[in-house]
Amino acid sequence: MKKKTFVLVIIAMVAVSFSSMAQRVDRTNFKAGVHFGVPFGDISDFSNFELGLDLGYHWGVSELIDAGIATGFMNAFINNDTVDFGPVEVQGDFPNIQYVPVAGAFRLYPTYDFKLGADIGYAVGINDGNSGGFYVRPMVGANVSTNTEINISYVKVSDDYDFSMAALGILFLF
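Rendered as structure tokens:
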């Protein structure tokens, strides 16, 4: 009887051990952070840098995939009040170029600390004369700690002009 009890206790301990190791990683969380961007394409004629706020909520779909929503604020600072359009120079008070993206987010986790993904949606133009457009932001990220992530991304807004930039960001997970 003692042997059977001892064997059953060992089997129960092994089963509990394996079940605790096989538990699903839940990455459901709220994310907030900032990014700094360097514009290129058409926008680089008007701006030298961009600063933005990133907000999102992700749900763990599986151990390797997250899906969620993303928004924030992007502001490309205009570098001067004179813009050259070929041989014509225009002077005026030009506003900063601003967008609020509204997007779906997708992340793939090859490892726990490394991620690939994209935000895809629409960027709403905020400043006058800015109609907004299709928004895509592929990114690569890495966890610095359990609640901090750094990422590198490419941002593209298909508007009347080419709003493209490379960005470096930091996100905090809650």
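Taken in order, the sequence shown gives residues -22 to -1, 1 to 152; the numbers are from mature numbering (1 follows the signal peptide of the UniProt record, and there is no 0).
Beta carbons: idealized from backbone N, C-alpha and C, even for Gly.
For residue 127, the enclosing beta strand (DSSP E) covers residues 126 to 136.
Three or more beta-carbon pairs separated by less than 8 Å link the segment 132 to 148 to the segment 19 to 30, which places the two stretches in contact.
The residues 36, 38, 44, in chain order, have a CB closer than 7 Å to that of residue 5 in the same chain once the five nearest residues on each side in sequence are set aside. Per DSSP, reduced to three states, the secondary structure at residue 21 is helical. Across the structure, residue 144 and residue 115 are spaced so that their CA atoms are roughly 10 Å apart. Only residues of its own chain outside the window of five on either side were considered, and among them 29, 74, 76 have a CB closer than 6 Å to the CB of residue 53, listed in chain order. Residue 9 places its beta carbon less than 8 Å from that of residue 149. In the assembly as shown, residue 88 is an exposed residue. Its beta-carbon has fewer than 16 other beta-carbons within 10 Å. Between residue 47 and residue 72, the CB-CB gap reaches or exceeds 8 Å. Per DSSP, the beta-bridge partners of residue 142 are 18, 134. For residue 55, the enclosing beta strand (DSSP E) begins and ends at 43 to 56. The alpha-carbon separation between residue 96 and residue 24 amounts to approximately 26 Å. Under the DSSP assignment, residue 112 falls in the beta strand (DSSP E) whose first and last residues are 111 to 123. For residue 88, the secondary structure class from DSSP, reduced to helix, strand or coil, is strand.
For residue 131, the closest C-alpha among the options 26, 32, 7 is that of 32.
Inclusion of residue 78 and residue 102 in the CB contact set at 8 Å is warranted, their separation being smaller than that value.
Spanning the alpha carbons of residue 106 and residue 7 requires a straight line of approximately 35 Å.
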